[in-house]
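**Student:** Take this structure first; my questions come after.
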Amino acid sequence: PVRSFDLDADFGERSGLTDARPVRIEGLKLEDSEHATEWKLMSFGNATPPDKGHIHDDLGMQYITIRVDDIDPYLERIRAHDVALLGETPIALDDGNHFALIQDPDGTFIEFIGPMDGE
């Protein structure tokens, strides 16, 4: 996490982001660098996410791939927070990396690819 802030309903409407709804924004970066990509996660309070069980169940951005130098710390954090790994992941890939797949609370699929310690 690098920052968080709220936009009120008036700004949401005037900016064209929302139909006069307030929004909470959390900024995340994978590394502490001013040049790192920042992801902004937006929360609208009581919004109901679609029922997405598979990638073909919705339109729009649905899938993120994150390549990592070591997948183990990510798997530890996923498990520590009781986030379900999908399918039979992590799965070993032919190139020596491993593939792990989860979904965020909005149903976006997040794929981690990287080597595991000792393999």
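Just so we're aligned, residue 2 is where the sequence shown starts under this note's numbering, counting upward by one. Using N, Cα and C, we set each Cβ at its ideal position, and we do this for glycine too. For clarity, every value in this text was computed on a predicted model and none was experimentally measured.
Which residues share a DSSP beta bridge with Leu42?
**Tutor:** The residue given as residue 42 occupies position 41 in the sequence shown. For Leu42, which the question treats as bridged, DSSP gives the partners Glu27.
**Student:** Would the segment 26-38 count as touching the segment 75-84 if we require 3 or more Cβ pairs under 8 Å?
**Tutor:** no
**Student:** Given this structure, state the Cα-to-Cα distance separating His55 from Pro91, to the nearest angstrom.
**Tutor:** Looking up residue 55 in the sequence shown gives position 54. Looking up residue 91 in the sequence shown gives position 90. Spanning the two alpha carbons is a distance of roughly 18 Å.
**Student:** Work out the CA separation of Gln104 and Asp9 for me, nearest whole Å.
**Tutor:** On the sequence shown, position 8 is the one that residue 9 refers to. On the sequence shown, position 103 is the one that residue 104 refers to. Cα to Cα, the separation comes out at about 28 Å.
**Student:** Which residues in the same chain as Val24 place their Cβ atom closer than 8 Å to its Cβ, once the five residues preceding and following it in sequence are excluded?
**Tutor:** Numbered from its first residue, the sequence shown carries residue 24 at position 23. Cβ within range, chain order: Asp7, Leu8, Gly13, Leu18, Met43, Ser44, Phe45.
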